[in-house]
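If you read the protein sequences in the order shown, they are chains A and B. According to our numbering, the first sequence is numbered sequentially starting from 1. According to our numbering, the second sequence is numbered sequentially starting from 263. Glycine included, every Cβ here is placed at the ideal spot set by N, Cα and C.
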Amino acid sequence: MSAARRAGDVILSVQDVSLAFGGVRALQEVSFDVCEHEIRAIIGPNGAGKSSMLNVLNGVYHPQQGKIRLRNKEFADMDSHQAADLGIARTFQNIALFKGMSVLDNLMTGRNLKMRCNFLQQALWLGPAKREELEHRRAVEEIIDFLEIQHIRKTPVGRLPYGLQKRVELGRALAAEPAVLLLDEPMAGMNLEEKRDMCRFILDVNDHYGTTIVLIEHDMGVVMDISDRVVVLDYGRKIADGSPDEVRGNQSVVDAYLGVAH
Amino acid sequence: MLYREAGQFKSSYAEDQGIFPLRQDRIAFWVLMAVAFVVVPLIGDQYWLSAILTPFLIFALAALGLNILTGYAGQLSLGTAAFMAVGAFMAYNFVLRMPWLGIIPSFILAGLCAAAVGIVFGLPSLRIKGFYLAVATLAAQFFVLWALQRFGWFTNYSSSGVITAQEIVILGYAFKTPAQKYLLTLAIVALMALAAKNLMRSETGRAFMAVRDMDVAASVIGIPMMKTKLLAFAISSFYCGVAGALHAYAYLGTVEPEAYSLDLSFRILFMIIIGGVGSIMGSFLGAGFITLFPIFLNLASGWVSHALGVEISHATVSNLELIIFGGLIIFFLIVEPHGFARLWQIAKEKLRLWPFPH
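Structure representation (C-alpha cells):
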C-alpha cells in the first residue's frame, strides 16, 4: 500500500446530516469526509445508522437536514439515479442481484448508464448497437477476469452460492466504473476463506482502479486491517473518527461496543 | 451425444453473443424456417393454413407482446385483447381513410396507436405492482371495447358494428388465398420475433429484466424506472396492436369488438404461462399448444367415442376442453412455472449426455 496513492483530496463529504423516520432518529448531525482513493469504514453496533448513512449517500433515503458534497457539487439530497450518474455505485447488505439473469447480464446491466443506443437501433441490431454491445462486453469481461468468475459467466445468478453472489454484486457495481464504491457488509455471512478472498478483491479494486471505497463491516479484524480511516456511529451519532488505531483506543467506542457499568 | 457443444470454440465475443451460439440450434432453426416458408405453403391445405397456422402465428405474436411486458419486464397485464382491438380498428381506419398509405404502414401506425394506448394504461404501473396492476390493466379491456362500440367513428358508423376488413394489397399485389395470407403473416411475425430477440439481448431487455427481478437495485444502478416501465408497455402494446391488425385482416376478415373480449386476454396469458414466461420461444410454444390442443381434443374424443361406442356430444367436448385447460394451467404453475420453454431447455441439457448417464 503506497502512502502516496492514499493522499487524495476530499471527494465526498457529509455535513450535519440528520435523518428521521417518524420518531426514530436514525442519524443525528453526522459529518465526516472521504478522501480520494482511501478505504473508509463505517462501523457501529446494530441499529447505529450505518446502512441509513449509506442509503443517504446514494439517494435511497432523503435526509431532513444536512448536505452532501461530491467533488464540488453540493446536494441537500439526491435521487438514486442522480447518484449513479455522478459515479456512486453500491452493493447491498442482503444481495440485490437480478436473480433471473446470468452473471454476464448482471454485469452488463451495471454499465447501462454508459450505453447510448436507443431501443430501435437495438431491435434492428444495427452496426452501432452491436458495436456498443461488444465494446461493453469487453469491459465486462475484464471485470470478470479480475474477480475470477469466468467459469460462471453464463450461469443464472439465482443458482450461485452466497459467496459468489456477493462477488458478482461487487462486479456489477464495478462495471459502472464508479468514483465512489459503497459496500454494505461485503463479508456478512461468509466463511474465513471467502472473507479472505473478498478482502483481497476490495484491496485490489482500491489499488488497481483507484476507486474510493466506503464500507460497512462488522468483522473488526477486517475493518482494522484494510481501512485507512474509520467512522464510528452509535444511536445515529458519530462518536469517533480516525485511523483504526485511534478508534480502537477511544473510550466511547469501547463503551458503545462493550457497554458501560452503571 | 447428438446435442453437444464439444469442439465448437468461439474466438470472438460477437460469435458468443449470437442468437444461436450452438451449431445444432442454428441448423434446426434454418430447417424450421425453410419448412415454414416453403414446405408448408406447398403442402398445407386450406383448412390448416387459414384455420390453424395463421391464427397460431398471430396469437404467437400477441403472446410475444405480452411476454415482453409480463415475462421480461414483470408487469402483469390483462389488457392484451384491448391493445389488439386498438390495432385492428386503427388499421381499418387508416386503410379506410388514408388508402394511399398502403397496408404495411397502416399496420405500423395501428401498432403505434396501440402503443400510445398501452402507455396510458401503463401509467398505473409507476405506482402499483402485481395483481393490483393487473386489475388496472383490466380497465383497458373494458374501456377500449366500450369506446369502440360507443363512438361510431371507429366502425365508420356501420349499423351492425361488424365491418369487413379491406383486401390486403401490397404494391399492387393482392393477398387473397390462405397460403398468401399465411406467408404474409409468417414474414411479419418472423421479423418481429427477430426484433424482439435482439431487443431482449441488448440493453433494453436487460433493463426490463432488472426491473422485473429487483426494482430498487435497478434504480440504484441508474435504470430509469418510469421510462423503462412505459417503454415495456409501449413495445408490448405495439406487438399486440400489429397482432390485432393481422387477426382482423389475415385471419377473421372482419373487424368487430366482440373478437377482442377479456376471454382472449386470458387465452394469451395462458399461452405465456404454458409456453414459458420470459422466453421468446415460449410464446410460440404456448400459442401452438393452445391453438392445437382443441383440435387434438376433438380428434381424441372422436377416437374415444368410436372405441367405446358411446356418443360424446359437442358440448361435452368443449366443456372437457375447459376442464383440461384449467388443470394444465394449475399443473404448470405448480410443477414448471417456466413452461415448455424451460422443459425444452432441460431436455437440451439432458441430450448433451444422452445416452450416457454422466
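| query | result |
| --- | --- |
| Cutoff 8 Å: B:THR332 Cβ touching any chain A Cβ | no |
| At least 3 beta-carbon pairs within less than 8 Å: the stretch 103-117 of chain A vs the stretch 463-472 of chain B | yes |
| Endpoints, alpha helix (DSSP H) assigned at A:PHE21 | No alpha helix (DSSP H) contains A:PHE21, which is instead part of the beta strand (DSSP E) from 10-21. |
| Interface residues of chain B facing A:HIS81 [CB-CB closer than 7 Å] | SER481, GLY484 and PRO486 |
| Complete beta strand (DSSP E) runs within the stretch 486-557 of chain B (minimum length 3 residues, chain order) | none |
| C-beta neighbour in chain A for B:TYR275, strict 8 Å | yes |
| Sheet register partners of B:SER387 (DSSP bridge) | For B:SER387, which the question treats as bridged, DSSP gives no partner whatsoever. |
| Of the listed residues A:ALA179, A:GLU185 and A:VAL180, nearest to A:ARG167 (C-alpha basis) | A:GLU185 |
| Coarse secondary structure for A:LYS50, derived from DSSP in three states | helix |
| Contact with chain A by B:SER312, beta-carbon distance below 8 Å | no |
| Complete runs of the beta strand (DSSP E) confined to the stretch 158-237 of chain A [at least 3 residues] | 180-184, 212-216 and 229-234 |
| Contacts of A:LEU113 in chain B (Cβ-Cβ under 9 Å) | ILE483, GLY484 and ILE485 |
| Status (buried if at least 16 other CB within 10 Å, exposed otherwise) for A:ASN191 | exposed |
| Closer than 8 Å to chain B by CB, A:VAL60 | yes |
| The beta strand (DSSP E) enclosing A:VAL24, as first and last residue numbers | 24-35 |
| Environment of A:SER2 [buried if 16+ CB atoms lie within 10 Å] | Note that A:SER2 scores 45 on pLDDT, short of 50, meaning its location in the model is unreliable; the coordinates nonetheless yield the value given after this. The residue in question, A:SER2, is exposed, as its Cβ has fewer than 16 Cβ neighbours within 10 Å. |
| Bridge partner(s) assigned by DSSP for A:ILE149 | Answer is none; A:ILE149 lacks a bridge partner. |
| Rounded separation between B:LEU326 and B:SER387 - CA only | 20 Å |
| Range covered by the alpha helix (DSSP H) that runs through B:TYR435 | Counting along the chain, B:TYR435 falls outside any alpha helix (DSSP H), though it belongs to the beta strand (DSSP E) covering 435-437. |
| Contact belief for B:ALA322 with B:SER545 at Cβ below 8 Å, rounded distance in angstroms | 6 Å |
| Contact under 8 Å by Cβ, B:LEU547 with B:GLY540 | no |
| B:GLU465 at chain A interface by Cβ criterion, 8 Å | yes |
| Segments assigned beta strand (DSSP E), at least 3 residues, entirely inside the stretch 391-478 of chain B | 430-432 and 435-437 |
| A:THR211 to B:PHE299 span [Cα, whole Å] | 55 Å |
| One or two residues paired with A:GLN65 in a DSSP bridge | A:SER18 |
| Beta-carbon proximity of B:LEU446 to B:ILE430, cut-off 8 Å | yes |
| Cβ neighbours of B:ALA353 in the same chain (closer than 6 Å, five flanking residues each side left out) | SER368, PHE369, ALA372 and ALA507 |
| Cross-chain neighbours of B:ASP475 in chain A, by beta carbon under 7 Å | PHE98, LYS99, GLY100 and MET101 |
| Residue nearest to B:LEU605 in terms of C-alpha spacing, selected from B:ILE535, B:VAL379 and B:ILE365 | B:ILE535 |
| Selected residue, minimal CA-CA separation from A:LEU182, among A:GLY23, A:PHE21 and A:LEU57 | A:LEU57 |
| Close-in-space but distant-in-sequence residues of the same chain around A:LEU12 (CB under 6 Å, 5 per side omitted) | VAL34, LEU70 and VAL180 |
| DSSP three-state assignment for B:PHE271, whether helix, strand or coil | coil |
| Beta-carbon proximity check, B:LEU340 vs B:SER527, cutoff 8 Å | yes |
| Contacting residues, own chain, Cβ-Cβ under 6 Å from A:PHE75 (five flanking each side not counted) | ILE68 |
| Distance between B:ARG468 and A:ALA188 (C-alpha atoms, nearest Å) | 28 Å |
| C-beta neighbour in chain E for B:MET295, strict 8 Å | Going by chain labels, chain E is absent from the structure shown, which instead holds the protein chains A and B. |
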